[in-house]
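In the working numbering, the protein residues as written are 62 to 198. By construction, the Cβ of each residue, glycine as well, lies at the ideal position given by its N, Cα and C atoms. Computed from a prediction, not measured in an experiment: that's the story for all the values here. Input: a single structure, listed below in structure tokens.
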């Protein structure tokens with residue numbers, strides 16, 4: 062990969078400058094550079110650990126778009142609490158204290174009343190409202 066191609070990849074993920082050793086980079090810019098490196102390498106297998114952690118809204122949108130392109134046609138292990146990203150996965154593994162407690166596609170897990178569905182509804186504000194009686198209050 063030529064230097065100008067690498068610079069193009071950095072522009073593609075929204076990271077334009079970084080100082081001598083990256084010491085002026087924000088967390089979002091560091092995330093984007095990591096994704097740009099993966100784009101440059103064109104690795105067939107990707108392991109992404111919380112790729113949206115610590116990003117502002119603008120950076121998150123840029124990273125999500127880059128990840129869509131990056132993951133196309135590749136095997137990707139995504140370790141995340143980002144349920145919007147999880148919902149796009151071919152296979153979801155739900156871990157509880159290091160053990161797999163559920164597995165399946167998003168639609169399959171949502172059809173069950175397990176931990177995944179409860180967490181998804183709670184995190185996205187869709188948890189069914191519960192009426193509290195006066196005796197419970």
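Which residues bound the beta strand (DSSP E) around residue i?
i           : result
residue 240 : Limits of the chain in this structure are 62 at one end and 198 at the other, which puts residue 240 out of reach.
residue 130 : Residue 130 -> not in any beta strand (DSSP E); alpha helix (DSSP H) instead, spanning 118–132.
From the options, pick the residue whose C-alpha is nearest to that of residue i; which is it?
i           : options            : result
residue 106 : 89, 93, 136, 91    : 136
residue 89  : 102, 101, 111, 121 : 121
residue 114 : 149, 141, 151      : 141
residue 144 : 179, 134, 173      : 179
residue 91  : 184, 183, 182, 116 : 116
residue 184 : 147, 172, 163, 133 : 147
residue 111 : 101, 103, 96       : 96
residue 133 : 165, 100, 163      : 100
Our contact map puts residue i next to residue j with C-beta atoms below 8 Å; I'd like the distance itself, whole angstroms only.
i           : j           : result
residue 209 : residue 124 : The structure shown does not extend to residue 209, since the chain is modelled only from 62 to 198, so the question has no answer here.
residue 249 : residue 155 : Residue 249 cannot be examined here, being either before or after the span of the chain that is shown, 62 to 198.
residue 109 : residue 86  : Their Cβ separation, rounded to whole angstroms, is 19 Å, which puts residue 109 and residue 86 out of contact at 8 Å.
residue 173 : residue 151 : Contact flag wrong, Cβ pair sits at about 18 Å.
Hey, could you find the ends of the alpha helix (DSSP H) residue i is sitting in?
i           : result
residue 88  : 88–102
residue 178 : 176–184
Name the DSSP bridge partner or partners of residue i?
i           : result
residue 110 : 140
residue 155 : 163
Q. Would you call the segment 117–136 and the segment 159–167 touching, i.e. three or more CB-CB distances under 8 Å?
A. no
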